[in-house]
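Take the sequence shown: its position 18, counted from the start at 1, is 54 in our numbering, and no numbers get skipped. Take a look at the structure set out below.
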Amino acid sequence: MSSSTAFETAKAEGRAALVGYLPAGFPDVAGGIEALRTMVDAGCDVIEIGLPYSDPVMDGPTIQAAAQQALERGVRTKDVLRTVEAVAATGTPTLVMTYWNPVERYGVSRFAQDLANAGGAGLITPDLTPDADTTWAEAADEHDLDKVFLVAPSSTDERIAMTTAACRGFVYATAVMGVTGARTTTSDLAGPLVARTRAATDLPVGVGLGVSNGDQAAEVASYADGVIVGSAFVRALLDHPDNTGTGLRALARLTEDLAAGVRRG
Numbered sequence: 037m038s039s040s041t042a043f044e045t046a047k048a049e050g051r052a053a054l055v056g057y058l059p060a061g062f063p064d065v066a067g068g069i070e071a072l073r074t075m076v077d078a079g080c081d082v083i084e085i086g087l088p089y090s091d092p093v094m095d096g097p098t099i100q101a102a103a104q105q106a107l108e109r110g111v112r113t114k115d116v117l118r119t120v121e122a123v124a125a126t127g128t129p130t131l132v133m134t135y136w137n138p139v140e141r142y143g144v145s146r147f148a149q150d151l152a153n154a155g156g157a158g159l160i161t162p163d164l165t166p167d168a169d170t171t172w173a174e175a176a177d178e179h180d181l182d183k184v185f186l187v188a189p190s191s192t193d194e195r196i197a198m199t200t201a202a203c204r205g206f207v208y209a210t211a212v213m214g215v216t217g218a219r220t221t222t223s224d225l226a227g228p229l230v231a232r233t234r235a236a237t238d239l240p241v242g243v244g245l246g247v248s249n250g251d252q253a254a255e256v257a258s259y260a261d262g263v264i265v266g267s268a269f270v271r272a273l274l275d276h277p278d279n280t281g282t283g284l285r286a287l288a289r290l291t292e293d294l295a296a297g298v299r300r301g
């Protein structure tokens, strides 16, 4: 199922979609699946599953810590696909967010085939630009998978037009220059970036800029089609490493707060 379906449903309800991220295998594979299902049950409309990678150049310290934990416990690409299958079975569009190198090493066609077989909606590729490698676009088209590329405040209008033309599902507007991470204030770069992106495409525009609570989610939801949250979800689990259920309860509370926020926007 394309992620665009969830954005259309949210739009019909007069609100933004809530997009939630966790890396696969964190705190372990089974625990990660349980955490992601908790986020779905508590109000996430779209799920992004991170493929843990040893050189996460764009991730902030929170997501790096979680991905490192997953890698140390031996998570592999097959575990990421197993996580996708378990989450997609809920009926929630489920994408993989990954750096390009692991996909190349796995084999682009094979990755697309296995992702489609797992019920995945597509890929978000933060370090791959549409003009850098056409093999992913071809494989994604063959399996009807979403292609989600990133635009940034530094992107020229020509670059935004080229990028959005290559997207399917939605466009990821990263309104923070530099690494990711939860922030206490939201970025004043996001609104203008969304406006410029909407001028180039009819696709939904999701914004990732370090949202960590419902009030910030409401602010972003006032101008974006989707609010993308990652570090705050990871932090909720990192702060409760005891596996006694307190982490899942914290995750559910956070999701409910964010889900209420996107409805206020």
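Beta carbons are placed, not taken as given, at the ideal position from N, Cα and C, and that holds for glycine. If you're wondering where the values come from, they're calculated on a predicted model, not measured in any experiment.
If I'm right that residue i touches residue j with Cβ under 8 Å, what's the distance once you round it to whole angstroms?
i: Gly86; j: Met133; result: 5 Å
i: Leu159; j: Leu181; result: 7 Å
i: Thr126; j: Val65; result: Contact doesn't hold; Cβ gap of about 17 Å is too wide.
Would you kindly check if the distance between the Cβ of residue j and the Cβ of residue i is under 8 Å?
i: Ala154; j: Glu121; result: yes
i: Gly250; j: Leu294; result: yes
i: Ala253; j: Val298; result: yes
i: Pro302; j: Leu229; result: Given a span of 37 to 301 for the chain in the structure shown, any question on residue 302 remains unanswerable.
i: Leu239; j: Thr210; result: no
i: Ala53; j: Asp224; result: no
i: Arg234; j: Val243; result: no
i: Gly56; j: Thr291; result: yes
i: Ala202; j: Glu178; result: no
i: Thr200; j: Thr237; result: yes
i: Leu284; j: Pro63; result: no
i: Ala196; j: Arg232; result: Per the sequence shown, the amino acid found at residue 196 is Ile instead of Ala. In contact: Ile196 and Arg232 (Cβ atoms closer than 8 Å).
i: Asp81; j: Ala48; result: no
Could you say which of the options lies nearest to residue i if we only look at CA atoms?
i: Arg73; options: His179, Phe269 and Arg109; result: Phe269
i: Met75; options: Pro277, Asp275, Asp150 and Val265; result: Val265
i: Pro88; options: Leu274, Pro59 and Ala296; result: Pro59
i: Val116; options: Ala125, Gly61 and Glu174; result: Gly61
i: Thr282; options: Val55, Trp172, Ala148 and Ala71; result: Ala71
i: Asp77; options: Ala101, Thr128 and Tyr259; result: Thr128
i: Ser38; options: Ala197, Ala124 and Val247; result: Ala124
i: Val263; options: Gly301, Asp275 and Ala236; result: Gly301
i: Tyr135; options: Thr41, Glu108, Trp172 and Ala272; result: Trp172
i: Ala157; options: Ala226, Arg141, Ala296 and Ile83; result: Ile83
i: Asp150; options: Thr161, Thr170, Pro162 and Ala175; result: Ala175
i: Leu131; options: Leu245, Pro277, Gly205 and Arg289; result: Gly205
i: Arg141; options: Ala168, Gln100 and Arg112; result: Arg112
i: Gly246; options: Ala226, Gly227 and Ser267; result: Ser267
Go ahead and label residue i buried or exposed: buried means 16 or more other beta carbons lie within 10 angstroms of its beta carbon, across all protein chains shown.
i: Pro97; result: exposed
i: Gly143; result: exposed
i: Thr45; result: exposed
i: Ser258; result: exposed
i: Lys114; result: exposed
i: Asn255; result: For the record, residue 255 in the displayed sequence is Glu; it is not Asn. Classification of Glu255: buried, given that the 10 Å Cβ count is 16 or more.
i: Gly110; result: exposed
Check: Can you list, in chain order, the stretches of the beta strand (DSSP E) that have 3 or more residues and sit fully within the segment 77-157?
Finding: Listed in chain order, they are 82-86 and 130-133.
Notebook entry, point to check: Unbroken alpha helix (DSSP H) runs of length 4 or more, entirely within the segment 187-247: which are they?
Noted result: As far as the segment 187-247 is concerned, its whole alpha helix (DSSP H) runs of at least 4 residues are 193-202 and 226-234.
Note to self: As an exercise, report each continuous alpha helix (DSSP H) stretch of at least 4 residues that is fully enclosed by the segment 242-292, in chain order.
What the structure shows: Here the runs fully enclosed are 250-257 and 267-274.
Next item on the list: May I have a chain-ordered list of the beta strand (DSSP E) segments no shorter than 3 residues that lie completely inside the segment 49-76?
Entry: 53-59
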